[in-house]
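Shown next, in structure tokens, is the structure this report addresses.
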Amino acid sequence: MPKIVVPEDRRKAVSEAVVRVVRRSGVEGATLGNVAKEAGLAIGSIRHYFADHEAMMIFTMDQLGRRIGERVAVRADRLLAAETGRRTLVEDLLAEFLPLDDERRDEAMAWLAFTVAARTRPAFRASADAQHQNLRDLITRILREAVALGRLPEELDLDVEAVRLSALLDGLTMQAVLHPESTPPELLVTALRRSLP
């Protein structure tokens, strides 16, 4: 009996192969041939699921954002439902964006590579901008909730704080990706904790 292939599952498997190739070789190394080899498929199979290389890369960027978003959404729901212990929940939620384990490190490496590539590849720009805005919106939402609960001052400039915290997450992520030996997960979490308002 022939194996039934679910197109969406195959597309996700290809995007995971893209992440692994980008982690090792950068965006430039994620050719159709390299991705096909990593995924254990023929190039024709890749072309069956994606119109072209650009479509495959954009799908992968969107998948990365979706995976991170799903993890963060679970923590955001806990935070909004909690009566106490909110600070720890905020720390846990924001830590989801940091490369604290192998999976998140792979995601961070790939995401940074895509974001840098978006500077010169207009097709990547919309996805990179959307993910950046999603992070900023989430941080603003958390801060607004904290102000409403009286845990932060009402005069707090939410726009400035959201920029500050998103820059902190970006900077910690970049340091962890570029200098993993001197930026272990425990140090990232401590730096995040000390930087929260």
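Throughout, this note's numbering is defined as the position within the sequence shown, counted from one, plus 7. For glycine and all other residues, C-beta sits at the position ideal for the given N, C-alpha and C.
Inclusion of Ala-125 and Leu-100 in the CB contact set at 8 angstroms is not warranted, their separation being larger than that value. Here Arg-111 is buried. Its C-beta has 16 or more other C-beta atoms within 10 Å.
Counting along the chain, Val-184 sits inside the alpha helix (DSSP H) bounded by residues 165-185. With a cutoff of 8 angstroms on beta-carbon distance, Ala-115 and Val-184 are scored as near each other. Distance check between Val-29 and each of Leu-71, Ala-133, Leu-142 and Leu-203 places Leu-71 closest, using alpha-carbon atoms only. Secondary structure of Glu-35 (DSSP, three-state): helix. The alpha carbon of His-55 has as its nearest neighbour, out of Ala-133, Ala-80, Arg-17 and Gly-36, the alpha carbon of Arg-17. In the same chain as Ala-169, and ignoring 5 residues on each side of it, the C-beta atoms closer than 7 angstroms to its own belong to Arg-143, Ile-146, Thr-147 and Leu-150, in chain order. With a cutoff of 8 angstroms on beta-carbon distance, Ala-46 and Val-21 are scored as near each other. Here Gly-51 carries a helix assignment [DSSP, helix/strand/coil]. The beta carbon of Leu-159 is closer than 8 angstroms to those of Leu-150, Ala-153 and Pro-204 in its chain, skipping five residues each way along the sequence. A distance of 8 angstroms or more separates the beta carbons of Ala-37 and Met-68. In this structure, the CA atom of Asp-166 is about 44 angstroms from the CA atom of Gly-40. Secondary structure at Arg-74: helix, using DSSP grouped into helix, strand and coil. If you check the CB distance, Met-181 and Leu-96 do not come in under 8 angstroms. By the Cβ-count criterion, Ala-80 is exposed, with fewer than 16 other Cβ atoms from all chains shown falling within 10 Å of its own Cβ.
Within the same chain, Cβ atoms closer than 8 angstroms to the Cβ of Glu-103 are found at Ile-75, Arg-78, Val-79, Arg-82 and Arg-111, the five residues on either side in sequence being excluded.
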